[in-house]
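Have a look at the structure below before the remarks.
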Amino acid sequence: MKKLLLIFGILVSLAATAQQTANRFFYELSYAPNKDSVAKKLKEMMILDITQDKSIYRDYLMVSQDSALRVQIEAMQKSGTYKDISKSIKQPKFSHTIVKSYPSMGITYSDFILQDIVSYKEDVKFNWKIEKDQKKIGEYNTQKATTDFGGRKWTAWFTTDLPFQDGPYKFYGLPGLIVQIQDDGNNYSWLLQGNKKISNYTEQSYTEELMKQNPQSKRLEVSKEKYQQMREAYKKDPFGSIRTQIAQIPADFKAPDGRPFSQVLKEQEVQLKKTLNENNNEIEVPATAKKKK
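Each step along the sequence shown adds one to the number in this note's numbering, with nothing skipped, and position 208 is 194.
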């Protein structure tokens, strides 16, 4: 009888998970990737998925190419042949994921540092000052609020028409959903573009599941300070953590396209370092940068 009850409980749990719904909010992020050229802006679509017990913020590209990737992977598995699909998969500009747990609003920040998934937990308390100013943004009536966070001053516009005390990135804590938020230096700005309800919602996308199945990948939970140290070391030497493994690769080992594997790795390292150097304008200003000012 106990076994039957246990099985029934598992089935109920699985059914509840399968039937989970989420409200997905689409935010257009306009940002200056390089702190020395703030006038040059790029745009990315980010999403905030709100469920009953948490919210998940990430780059929309992490989930938007799921179906195409699944078709290609399943075709390879069925045929038993390998095909290089790296060129058909776009890499998200922002690889971090931010989960806020309800109702505590404890934050878990996760990001890739090369092949490893590194995360830290954080309790952020926003000291919002709600102003009298109001304006209409799209279809929503919004009100102004300001705060300091991450070495920047922020102005947010929130709406009580959407009863979620949440927002993009780590922002939360206003009487309604944040519709727009921007720092005073015009480095980063999020603007709500739309929303939809998702039935049978699953937290992990197919792309994220594949990335986490990499046998070479480690999952590390560290302090925020340690994460920042690891991130800085990664910028200076992107392949530093795997240089020992690289040295053990035979000189005549070939990449799938026939080129020497060492040549492919060298090109990837040069490109990665170039990308990291060009994207040096963090959302949260590092403590070292603030000291230099």
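No residue lacks a Cβ here, since even glycine has one placed at the ideal position from N, Cα and C.
Approximately 18 Å separates the beta-carbon atoms of ARG10 and LYS156; this is outside 8 Å, ruling out the contact. According to DSSP, GLY180 shares a beta bridge with PHE12.
Taking 8 Å as the cut-off, the Cβ atoms of ILE228 and GLN166 do not count as close. DSSP lists GLN129 and ILE164 as the beta-bridge partner residues of PHE144. At the C-beta level, GLU189 and ILE93 stay beyond 8 Å of one another.
For a cut-off of 8 Å, the C-beta gap from THR141 to THR128 is around 11 Å, too long to register as a contact. Of the candidates GLY153, PRO236, LEU258 and GLU195, LEU258 places its Cα closest to the Cα of TYR220. Per DSSP, reduced to three states, the secondary structure at THR37 is coil, with no helix or strand assignment.
In the DSSP assignment, TYR106 falls within the beta strand (DSSP E) that extends over 102 to 108.
Membership of LYS204 in any alpha helix (DSSP H) is not indicated, and neither H nor E is assigned to it by DSSP. The residue from THR146, GLU264, VAL271 and GLU270 with its alpha-carbon nearest to that of LYS26 is GLU264.
Take SER81, set aside five residues on each side of it, and the residues of its chain with a beta-carbon closer than 6 Å to its own are ASP97 and PHE98, in chain order. A straight line joining the alpha-carbon of GLN101 with that of LYS118 spans about 47 Å. DSSP, reduced to helix, strand and coil, places LYS64 within a helical segment of the structure shown.
With contact defined as three or more Cβ pairs closer than 8 Å, the region 105 to 113 and the region 206 to 222 are in contact. Contact check for ILE84 against ARG205 fails: the beta carbons are separated by 8 Å or more. Within the DSSP secondary-structure output, GLN214 pairs in no beta bridge. Relative to PRO236, the option among GLN63, SER248 and PHE225 whose CA is nearest is SER248.
Within 10 angstroms of the beta-carbon of ALA8 lie 16 or more other beta-carbons, which makes it buried.
Per the coordinates, the alpha-carbon of LEU28 lies some 38 Å from the alpha-carbon of PHE239.
Per DSSP, reduced to three states, the secondary structure at GLN231 is helical. Taking C-beta atoms under 8 Å as the contact rule, ILE269 and GLY136 qualify, at a distance of about 6 Å.
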